[in-house]
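Chemist: Quick note on the working numbering: the sequence shown kicks off at 371 and runs consecutively. All C-beta atoms, glycine included, are put in the ideal place defined by N, C-alpha and C. Below: one structure in structure tokens.
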Amino acid sequence: MESRRTTIVIEKELYRQAKRVAVEQDKTLKQVMEDALRAFLRGDHQGKRKNRSDRFGVYPAKTRGSLRREALYKDFLR
371 MESRRTTIVI EKELYRQAKR VAVEQDKTLK QVMEDALRAF LRGDHQGKRK NRSDRFGVYP
431 AKTRGSLRRE ALYKDFLR
């Protein structure tokens, strides 16, 4: 497969982590970066957070009564 050269600027800690992964997996940094880019382009990064509550957390609602739809709209629908 034909390759292209490119230059990227990444955070120092991210670079260190990528180098560490390369050593642990006995790969070159190029291979680790290509694997990560391929996984991202395939959409492998999606699905880690299945819903918004994973991203923002779940917090208790201070409500009285039921939160069921029927109860919420009981007065409105009459």
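Determine, using beta carbons only, whether residue 402 and residue 392 come nearer to each other than 8 Å.
Modeler: One-based indexing of the sequence shown puts residue 402 at position 32. One-based indexing of the sequence shown puts residue 392 at position 22. Yes. Within cutoff.
Chemist: Quick one: give me the first and last residue of the alpha helix (DSSP H) that residue 406 is part of.
Modeler: Position 36 of the sequence shown, counted from the first residue, corresponds to residue 406. 399–412 is the span of the alpha helix (DSSP H), which, as asked, contains residue 406.
Chemist: Look at the Cβ atom of residue 388, then the Cβ atom of residue 399, and state whether they are nearer than 8 Å.
Modeler: The residue given as residue 388 occupies position 18 in the sequence shown. The residue given as residue 399 occupies position 29 in the sequence shown. Result yes, Cβ atoms of residue 388 and residue 399 sit closer than 8 Å.
Chemist: Using the three-state DSSP reduction, which class does residue 395 fall into: helix, strand or coil?
Modeler: As a first step, residue 395 is located in the sequence shown; it is residue number 25 there, counting from the start. If DSSP states are grouped into helix, strand and coil, residue 395 belongs with coil.
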